[in-house]
Amino acid sequence: MRVLITGAAGFIGATLVDRLLSDGHQVIGVDNLSTGHAGNLDAAIAGNGLGEKRFTLISLDIQAPELVDIVDGTRPQVIYHLAAQTSLSASLSNPEFDARSNILGTINLCEASRSTGVRRIVYAAYGLSGTATTRPQSRGDVAYALHSPHVAAKLAAELYLHAYGAMYGLAPISLRLANIYGPRQRQAEPGASIAAVASAMINGSQRISAPHQELTLDYVYIDDAVDAFVCAGAAPLDVTGTYSVGSGRLTDASEVDESIRGAVRDTGAIPPNGDARELGWRPNVDLAEGIARTVRWLDESQRRSPAEAYGAVGEDQLAVAG
109 MRVLITGAAG FIGATLVDRL LSDGHQVIGV DNLSTGHAGN LDAAIAGNGL GEKRFTLISL
169 DIQAPELVDI VDGTRPQVIY HLAAQTSLSA SLSNPEFDAR SNILGTINLC EASRSTGVRR
229 IVYAAYGLSG TATTRPQSRG DVAYALHSPH VAAKLAAELY LHAYGAMYGL APISLRLANI
289 YGPRQRQAEP GASIAAVASA MINGSQRISA PHQELTLDYV YIDDAVDAFV CAGAAPLDVT
349 GTYSVGSGRL TDASEVDESI RGAVRDTGAI PPNGDARELG WRPNVDLAEG IARTVRWLDE
409 SQRRSPAEAY GAVGEDQLAV AG
């Protein structure tokens, strides 16, 4: 199968690229590389030299008119739409930029799909943090979450996607993600509380102060999140709508920090909506194991390149979700 992934160089996008390649698919990645990390795709690019070339990376903003030509030329069976502006502070300082990135970029993708007959789009929708996401989010939940231009733009993009489905026969599935964590997530990225706390502990900090400390959240490991995208992409075309991707278990910050502390200690770094289960998806990696894998990746990354593990980017650039 041929698939196209927007935001392919991001945290979720690059992991999805690797998974789909390992499943034998041909993958076209689209990313403007403003905040996505090209290094995330090293394994995918290296794989092209080992036999049949099955991965193509195209450097392009999803707002560009050329996107229609790319979709027309590649004719993917499935489009995974993960590209987005994800910074809350950027949306507050420049809501017009946020709207262009998230809403107009998504409309451009919808137009490309409509004009080329590509029906299935799987969208990384705005996730409702702080809730156990094992059911479809209600209208009341969505309304309650409207606390920033970023949230408004992501929800508007989702509505456009499903409007195109109703009007033109597209078959969109929106995945409303819980708090995704794991290898490749840099500590400077939005929502990367586990990476931030783990990095601080790896660097020897005993006193941790993180934005999530007062929160109780639902966490899903990156490989499980990618499984949900794969399930959505494989679903019959008559299956559409919004599905929640969550473990169903809320975890408070103290438990998360204890798990991180134990995992860091093991590395030797420091001293002692519809439910996506309807698509056939199940989370497989529990929090303790997921944190252990994340800490190992962060520890190895910081030994190679501290700047790469931090992943700092300018907020005036288009961020790539996933």
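The sequence shown finishes on residue 430 if you use this note's numbering, and the numbering steps up by one all the way, no holes. Heads up, the beta-carbon is just placed ideally off N, CA and C, and yes, glycines get one too.
| field | Backbone CA spacing between L217 and E363 [nearest angstrom] | value | Each residue's alpha carbon lies about 40 Å from the other.
| field | Residues that T350 bridges to, as DSSP identifies them | value | Beta-bridge pairing links T350 to S282.
| message | On the CB-based measure, 16 or more other CB atoms within 10 Å of its CB, does E266 come out buried or exposed? | response | Residue environment for E266: buried (at least 16 other C-beta atoms within 10 angstroms of its C-beta).
| request: State the CB to CB distance for the pair A336 and A384, rounded to an integer number of angstroms; the pair is presumed to be in contact (CB under 8 Å). | output: Sure, about 5 Å apart at Cβ, within 8 Å.
| Given that a residue counts as buried once 16 or more other Cβ atoms are within 10 Å of its Cβ, and exposed if not, what is H255? | Counting the other Cβ atoms within 10 Å of the Cβ of H255 gives fewer than 16, which makes it exposed.
| Is V250 helix, strand or coil when you go by DSSP? | In this prediction, V250 scores a pLDDT of 47, lower than 50, which makes its location untrustworthy; no coordinate-derived value is stated.
| Between the CA atoms of A279 and D346 - distance to the nearest angstrom | Straight-line measurement puts the Cα of A279 at about 7 Å from the Cα of D346.
| query | Beta carbon of G354, beta carbon of D394: below 8 Å? | reply | Taking 8 Å as the Cβ cut-off, G354 and D394 do not qualify as a contacting pair.
| query | Going by alpha carbons, who is nearest to D131 out of E386, V338, H145? | reply | Among E386, V338, H145, the Cα nearest to that of D131 belongs to V338.
| said: To the nearest angstrom, how far is the alpha carbon of H230 from that of I281? | reply: The sequence shown places Val at residue 230, rather than the His named in the question. Computed Cα separation, rounded: 5 Å.
| So which of Y188, F205, A220 has the shortest CA-CA distance to T194? | The shortest Cα separation from T194 among Y188, F205, A220 belongs to F205.
| message | On the DSSP letters alone, give me the boundaries of the beta strand (DSSP E) that R110 sits inside. | response | Per DSSP, the unbroken beta strand (DSSP E) holding R110 starts and ends at 110-114.
| said: Looking at the secondary structure, which residues open and close the beta strand (DSSP E) in which L212 lies? | reply: Premise fails: L212 is in no beta strand (DSSP E) and is neither H nor E.
| Backbone secondary structure at S223 - three-state DSSP | Residue state, collapsed to three classes: helix.
| query | Would the segment 116-128 and the segment 179-190 be scored as touching if the rule is three or more Cβ pairs under 8 Å? | reply | Yes, the segment 116-128 is in contact with the segment 179-190.
| request: Return the first residue and the last residue of the alpha helix (DSSP H) that H133 is part of. | output: From DSSP, H133 is part of no alpha helix (DSSP H); its letter is neither H nor E.
| Taking the alpha-carbon positions, what's the V334 to S201 distance? | So the two alpha carbons sit approximately 31 Å from each other.
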